[in-house]
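A.B. asks:
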Amino acid sequence: MGHDNVAAQAAYFNITPVGISYPIPKSWMLSNYGSYGGTPLCGENTAPRPVVGGMVNILNYEMSCIGASPVQSKVTPNRQNCIVSAFLSGLVFTGISDYASMCKYDAANVNTCPQYLNNTLTFATTFVNGINSTLKARVDDAYSLMAALNISFMIFAKKSSKESLSLLSTTVFQPNDPDFIYFSWSYFYDWFVGYREVISFQGDHSNMTLLTDLELPLMQQIQSWEVTGNFAQYCRVGVWYATWVMLSVAVVACMYMINSKGNFEGRNMLKLDRVGGMVWVGRPLLILRSMTALCLLSTGSLNLEYSSYFSYFDIPITPWYKVLLASWEVAWLIAVVDDIFLVFTKEYLKYYVTTNTIIVWFIAYVIATSIPVEPHFIYEKSCDLIDVDFAIVCQSGYLLVGQLSRIGLLIATILSSNVGCYIVSRWKMGPLESTQVKSRLLSSGAKYLYAHKYRTINGIYYLDRASAMLNGIITFRHKQTIYALDIKLWRILVTSAPDISASNRYNVMARSSYPLVDST
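Under the numbering used here, the first residue of the sequence shown carries the number 569, and numbering increases by one thereafter.
1. Flag this pair as touching only if the segment 706 to 721 and the segment 767 to 781 have three or more C-beta atom pairs under 8 angstroms; answer yes or no.
2. Considering Cα atoms alone, identify which of K996, R1023, R994 is closest to K1152.
3. Extract the residue ranges of the alpha helix (DSSP H) inside the segment 884 to 957, only unbroken runs of 4 or more that lie entirely within it.
4. Applying the 10 Å Cβ sphere with the 16-neighbour rule, what's the burial state of L609?
5. Quick check: the segment 796 to 814 against the segment 995 to 1006, are at least 3 beta-carbon pairs closer than 8 angstroms?
6. Nearest to P746 by alpha carbon, out of P682, N687, A1019, Y673?
7. Find out if the Cβ-Cβ distance for the pair P1083, I1041 is shorter than 8 angstroms.
8. How long is the line joining the alpha carbons of L1038 and I991, rounded to whole angstroms?
9. Alpha carbon to alpha carbon, how far is Y919 from Y1018? Give it in angstroms, no decimals.
10. Could you give the first and the last residue of the continuous alpha helix (DSSP H) run that contains L1061?
11. Taking all protein chains shown into account, decide if N697 is buried (16 or more other Cβ within 10 angstroms of its Cβ) or exposed.
12. For the 8 angstroms Cβ check, are there 3 or more pairs between the segment 1008 to 1017 and the segment 835 to 845?
13. Per DSSP, which one or two residues make a beta bridge with I1025?
14. Compare the Cα-Cα distances from W759 to each of G771, P743, P785, L736 and report the closest residue.
15. Taking the CB atoms as reference points, tell me whether T690 and I651 lie closer together than 8 angstroms.
16. K829 to V941, Cα distance in whole Å?
17. Closer than 8 angstroms by C-beta to F881: which residues in its own chain qualify, once you throw out the five before and the five after it? Chain order, please.
18. Assess contact between the segment 611 to 627 and the segment 678 to 686, defined as three or more Cβ pairs (one per stretch) separated by less than 8 angstroms. Is contact present?
19. Under the DSSP definition of a beta bridge, which residues are partnered with G970?
20. Could you check where the alpha helix (DSSP H) with A821 kicks off and where it finishes?
21. Buried or exposed, going by whether 16 or more other CB atoms sit within 10 Å of the CB of M823?
22. Would you tell me roughly how many angstroms separate the C-alpha atoms of P618 and I960, rounded to the nearest one?
23. Straight-line CA distance for V969 to S866?
24. Per DSSP, what kind of secondary structure is Y684 in: helix, strand or coil?
25. Would you decide whether I927 is buried or exposed? Buried here means 16 or more other CB atoms lie within 10 Å of its CB.
26. Quick check: what's the CA-CA separation for W1058 versus V847?
27. Below 8 angstroms between beta carbons: does that hold for K642 and I699?
28. What residue from I908, Y916, L953 has the CA that sits closest to K996's CA?
29. Start and end of the alpha helix (DSSP H) containing M837?
30. Going by Cα to Cα distance, which pick from S653, A579, I982 is closest to I855?
31. Taking 8 angstroms as the threshold (C-beta atoms), are D1086 and M1008 in contact?
32. Measuring CB atoms only, is the segment 765 to 772 touching the segment 655 to 662, in the sense that at least three cross pairs come out at less than 8 angstroms?
33. Which of the three DSSP states is assigned to V1005 in this structure?
34. Does DSSP classify M776 as helix, strand or coil?
35. Do the segment 723 to 740 and the segment 595 to 605 make contact, defined as three or more Cβ pairs closer than 8 angstroms?
36. Here's the rule I'm using: 16 or more other beta-carbon atoms within 10 Å means buried, otherwise exposed. How should Y590 be labelled?
See the structure below:
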């Protein structure tokens, strides 16, 4: 039954099982015995209960032997129970000619029984495919196998008030009573799904195989501390922090651009991530931000949808532009790797930095679109005894939405692309001269990635204030003095404003820049 078949869903939800059912075999119902209990592990009850109202105190692991407080045995059928019982009892093949003859076995629900039986058969015969002779033969085989097990009920009863207590037993399947077979399978369904057990008692003179009472599974809410959501919250806060810091740096840099009347090095502004990110945010948080992107690219999408009647999981198709943006976020990890490898790549980095980023971006996008990660659900119930009588750990299955191998593949792509681009650049460019910029106020990224041409005048390096902001130097000019806070050193530096004649456009640019006096 697909989630798009609304008619089938409506028919399914029209099946309204009773909350509690007390089916009794015909042989005991007609005799109307008084039951004194139904478990060989306990003595008889202090007073009898009419068995027509349901069996009491049948075999149960959790029940205490308290004869004065008998517990009624019951069936709590759900829709699946009704449908499976209707198939295995053969009702979907033969139909029901007389609802009253069947429903009399559940005396507590005589009026509601015909309705849920009729709705069950309507759903099964209308929307379940494959109802044929082959299925009927398999149902007959299932009946034969179950009947051979000779699974029974038992009660302590007195056939009359003058007789002594007797142990009575009857098989769950009643060969001479075909109308009870639906309820027999209803009992067995609970055994199939693990709500009952079958126990065989081996005696000196005879054997007895009994069906236990209903034991519903323990249901409880998951503890909040067991949900691994805190790490995701930390990652989210880290990403927000990195985003707002980078945005603030960009805004302040723009203010410096306006204040300098356009006298800044435009190419340096393209190094916001590789220079500004390393200085203002730092490698750890940039790695965190890039890892969130890697996790997104390595995780399948899974939505919980609702279709009028059912909730179901759906795998949506991620729009191409979202995949493209997520792939671009990998550039943060590329920037970190480039910054770490600067000790080896040095002057060669600026020749392949853009190419390297585009290559990794393209490969990440192709992998994400051509081989998307699909969620997998593995239904596998298991329990492990951690400490006998103290702790048991059970799990129902696994919901796998991500692939660690995909993260490894993306990281390997970044590293191999970086090494490959460096080798090609070194082979193509040949030996390069070392940079002449020696100022210790420049970060490693600014030293090797900034445009330095025409920035040195009379032996002093003039760094425009917008580029200085990306480099972690906040400058404030008051008259002929420039105050600078270097966040890398946590030092306030005081320098005289440049006193250079405006003889050419480079000198004009230097007049509004911050002089690095240690560059000589």
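Idealized CB from N, CA, C, for every residue including glycine. Bear in mind the structure is a predicted one, so any value in this text is a computation, not a measurement.
C.D. replies: Walking through what the data contain:
1. Using a Cβ-Cβ distance cut-off of 8 angstroms, the segment 706 to 721 and the segment 767 to 781 are in contact, since at least three pairs of beta carbons, one from each stretch, lie closer than that value.
2. This structure cannot settle anything about residue 1152, because the visible part of the chain is limited to 569 through 1088.
3. Within the segment 884 to 957, the complete alpha helix (DSSP H) runs of at least 4 residues are 888 to 897, 899 to 908, 910 to 913, 917 to 938.
4. Exposed is the call here.
5. Cβ pair count under 8 angstroms is below three, so no.
6. The option with the nearest alpha carbon to P746 is Y673.
7. No; because the gap between Cβ atoms is not below 8 angstroms, this pair is not in contact.
8. Cα-Cα distance, rounded: 29 angstroms.
9. Their backbone Cα atoms lie some 12 angstroms apart in a straight line.
10. Counting along the chain, L1061 falls outside any alpha helix (DSSP H), though it belongs to the beta strand (DSSP E) covering 1059 to 1064.
11. Exposed, since its Cβ has fewer than 16 Cβ neighbours within 10 Å.
12. As far as the Cβ criterion goes, the segment 1008 to 1017 touches the segment 835 to 845, which means the pair count is three or higher.
13. For I1025, which the question treats as bridged, DSSP gives the partners I1028.
14. If we check each option's Cα against that of W759, P785 comes out closest.
15. When the beta-carbon positions are compared, T690 and I651 stay at least 8 angstroms from each other.
16. The straight-line gap from Cα to Cα measures roughly 50 angstroms.
17. Here the set comprises L870, N871, L872, E873, P943, F945.
18. Contact between the segment 611 to 627 and the segment 678 to 686 is absent, because fewer than three Cβ pairs lie under 8 angstroms.
19. G970 pairs with T867.
20. From DSSP, the alpha helix (DSSP H) with A821 extends over 798 to 827.
21. It counts as exposed.
22. P618 and I960 have their C-alpha atoms roughly 40 angstroms apart.
23. It is roughly 8 angstroms from the alpha-carbon of V969 to the alpha-carbon of S866.
24. DSSP places Y684 in helix when its eight states are reduced to three.
25. Residue environment: I927 is assigned as buried (16 or more neighbouring CB atoms within 10 Å of its CB, all protein chains considered).
26. Going from the Cα of W1058 to the Cα of V847 covers about 12 angstroms.
27. Here K642 is not near I699, since their CB atoms are 8 angstroms or more apart.
28. Among I908, Y916, L953, the Cα nearest to that of K996 is on Y916.
29. Per DSSP, the unbroken alpha helix (DSSP H) holding M837 starts and ends at 834 to 837.
30. If we check each option's Cα against that of I855, I982 comes out closest.
31. The sequence given here places Arg at residue 1008; Met does not occur at that position. For R1008 and D1086, yes; Cβs fall inside 8 angstroms.
32. Too few Cβ pairs lie closer than 8 angstroms, so no.
33. Coil at V1005, not helix or strand.
34. It is a strand residue.
35. Taking one beta carbon from each stretch, the segment 723 to 740 and the segment 595 to 605 have 3 or more pairs nearer than 8 angstroms; the two touch.
36. Looking at its Cβ environment, which holds 16 or more other Cβ atoms inside 10 Å, Y590 is buried.
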